[in-house]
Amino acid sequence: MKKINKLSIVTVVILFTAAGILFLLKDFQTYQQQSPMPVSISSAEAVSQHSGGDAGTGFSIAEDTKTAVKEAIDMALAQSGKNQADFCIILASSKNDFPLILTETKQILGNNIKIFGGTSGSGSVMTEQGYLKAGIKNDSGIPIDKTLTVMTISTKDIVFGTASADLGDSNAVHDAAATVVKKAIEDAGKTIENKPKVILLYVGKGIEEETIKGIESVTGKDVPIFGGTAGGPKRIVMSDEGAYERGISATVIYTDLPIGLSFEAGYDIHGKHSGVVTKVTGQNIEEIDGRPAMTVYNEWMDGEIERLAKKEMKKPAEIEAFLALHPFYRKLTSSEGQDYYLFTRPWPKDPSLVNKFIQTNTKIMPQEKIYISHGTWDTLMNRMGIVASSAKMHCGLEPADKPLLVIGVICDGMMGCIPEEEKSKFPYLINYSTGSDCTIAAFTSGEQGHFPGVGNRHGNLATSFLVIGSGKKNK
């Protein structure tokens, strides 16, 4: 996995500490993490330095699928100290053969293994051991064509139920999602009356809101969904039942172990501009305050979008990257008066700006009010550590307590704002924030999370973490 030197680690600690102080001054709830900073380790050392438990992670960059699956699973099982698993999360780059991944996983772990996962965006994957990206060279200078990570879990303290659906060209998303979660509950040996503690979700692009509504029609708004939209370029969601380009994969979790969740984005929400969306078509915003949407957005940005469009006509990605630092958000308020912020990534439908529509990856309805926000790559990066720390706090763990496992969902679009040379620091931020030695994270094209008192929502540019406590205290 990608390594960083001691100076880089110190830089991360300094940045993380500075960010934490700033957020504390703004009354964000967080706490000082007292665990020692993890040292950089190689993949060969990973197993021996893992403390052992009911969960483990593994990775591989082997081009041969059979080899990659075996390498990753063997590493994960060795870390967990188990020779078998009940549940397996698999996240991999788009070039992988996912049907073959499923076949090989069942060959190793048995046909009864329960599986959840799919593609992770831009070829990037991550565990506590490091960050890998397809399309670049590894530490030895060898090009990486494919990446694959797994997490295996075997414990009597958690009951898993999995199910999935291949939607194909069907528009019956709501009903399919309801059926999937019912099947997952049944697979866990439970009834609908037994609400799961959390629902893991991996979903195809463009069907997220209807999927959430379908799930909530079965489990209600109080059961949290922790999910992501499969990353690209070729998107796959999968369970032990199959792998699908346009599908839904859900895992219900029943446990008495403590669970902590966080679902946030690291943008400054004190921008001076806002407006009411007055016309939409699908995921296109046509008008804001009765005027062409892009005209209004460009005015909010003091004409910078138009200047970029003229300068970067052949590089629309440059405009998209700029706008990812200045996204829209909506404000949601719970019945208790708690405000939450749901972000949407905008970009021009037409890079030349002749067409004034704004494309989004969320469905914003007419008469909803949107606000402008602003971010920088360093605050977005350091926010990851703060969100992870928040999830651990919500789990009820003390700074010195080691969780059983950590699962992350990180926006691929937000990650695109961060310089490539900085991304190897991601695992160190998360390890330092959680004290975990068993972490897996997906880079996604959308994020689904829970706002207490509001319900589950689909947004963009967010970072989410799920922390499950071990029930043990570190001495």
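All the letters of the sequence shown, read from the start, carry residue numbers 6 to 480 under this note's numbering.
All C-beta atoms, glycine included, are put in the ideal place defined by N, C-alpha and C.
Nearest-angstrom Cα separation, counted from residue j out to residue i
i    : j    : result
G421 : A329 : 9 Å
L143 : I149 : Note that residue 143 is Asn in the sequence shown, not Leu. Approximately 6 Å, taken between the alpha carbons.
S279 : Y334 : 9 Å
I473 : N101 : 29 Å
R312 : P356 : 12 Å
V459 : Y346 : 11 Å
F268 : A181 : 25 Å
V257 : L358 : 44 Å
I375 : L466 : 15 Å
G413 : S175 : 30 Å
P104 : T157 : 19 Å
H55  : D442 : The pLDDT assigned to H55 is 48, lower than 50, so where the model puts this residue is not dependable; a value taken from the coordinates is nonetheless given after this. Distance between the alpha carbons of H55 and D442 is about 6 Å.
E133 : A81  : 12 Å
E341 : L402 : 25 Å
F92  : Q343 : 35 Å
T365 : G464 : 10 Å
F448 : C416 : 6 Å
N289 : P297 : 12 Å
K195 : I147 : 48 Å
G61  : V203 : 20 Å
V392 : M398 : 10 Å
F456 : W305 : 28 Å
K315 : K277 : 26 Å
Where residue i falls, given that 16 or more other Cβ within 10 Å makes a residue buried
i    : result
G219 : buried
K482 : The displayed coordinates of the chain run from 6 to 480. Any statement about residue 482 would go beyond what the structure contains.
R240 : buried
Q372 : exposed
I141 : exposed
M370 : exposed
Q84  : buried
A396 : buried
T1   : Because the chain here runs from 6 to 480, residue 1 falls outside it and cannot be looked at.
P408 : buried
V281 : exposed
A322 : exposed
D261 : exposed
I94  : buried
S438 : buried
G295 : exposed
A405 : exposed
Beta-carbon proximity list for residue i, same chain, < 6 Å, skipping 5 on both sides
i    : result
Y272 : S378 and G380
V130 : L96, L137, T152 and T154
H179 : E215, K218 and G219
G232 : L206 and Q453
I113 : I78
Beta strand (DSSP E) segment containing residue i, residue limits
i    : result
V228 : V228 -> no beta strand (DSSP E), and no H or E assigned at all.
E325 : It is not in any beta strand (DSSP E) - E325 instead sits in the alpha helix (DSSP H) that spans P321 to L328.
T256 : G252 to T260
Q453 : E452 to F456
N436 : Here N436 belongs to no beta strand (DSSP E); instead the alpha helix (DSSP H) covers F431 to T439.
7 Å CB neighbourhood of residue i in its chain, flanking five on each side removed
i    : result
L385 : G271, M419, C422 and I423
V223 : A183, V186, K187 and I197
A189 : G166, T167, A168, A255, T256 and V257
K284 : E291, E292 and P371
A67  : A73 and E76
Residue from the options with nearest C-alpha to residue i
i    : options                   : result
V208 : S244, K430, I190 and P229 : S244
K368 : P351, L358 and V359       : P351
S469 : V411, K284 and S475       : V411
I274 : P332, A183 and V185       : P332
G476 : L107, T160 and K226       : T160
T152 : Y437, G123, V164 and S175 : G123
S394 : G265, D344, E427 and D417 : G265
G58  : G86, I78, D69 and S65     : G86
E427 : R462, I435 and D383       : D383
L177 : E213, E109 and S125       : For the record, residue 177 in the displayed sequence is Ala; it is not Leu. The shortest C-alpha separation from A177 is found at E213.
G126 : T110, I147, I118 and S98  : S98
G451 : P457, R462, T444 and I445 : R462
C400 : P263, K71 and D192        : P263
G390 : P432, E425, T349 and I363 : P432
T286 : G308, I363, K226 and K315 : I363
Residue i Cβ short of 8 Å to the ligand SAM heavy atom set
i    : result
R296 : For the structure depicted, the ligand SAM is absent and the ligand set is empty, with no information on it obtainable.
Terminal residues of the alpha helix (DSSP H) in which residue i lies
i    : result
L107 : F103 to L114
M306 : Taken as a continuous stretch (DSSP letters only), M306 belongs to no alpha helix (DSSP H), as it is neither H nor E.
S279 : Segment S279 to T286 is the beta strand (DSSP E) holding S279; no alpha helix (DSSP H) there.
Q84  : T70 to S85
V359 : From DSSP, V359 is part of no alpha helix (DSSP H); its letter is neither H nor E.
Spatial neighbours of residue i in its chain, beta-carbon cut-off 8 Å, leaving aside the 5 residues before and after
i    : result
I310 : M299, Y302, N303, I324, F327, L328, P353 and L358
G115 : Q89
D1   : For the chain, the structure presents residues 6 to 480; residue 1 sits outside this window and is missing.
N199 : I190 and Y259
E109 : T70, K71, V74 and K75
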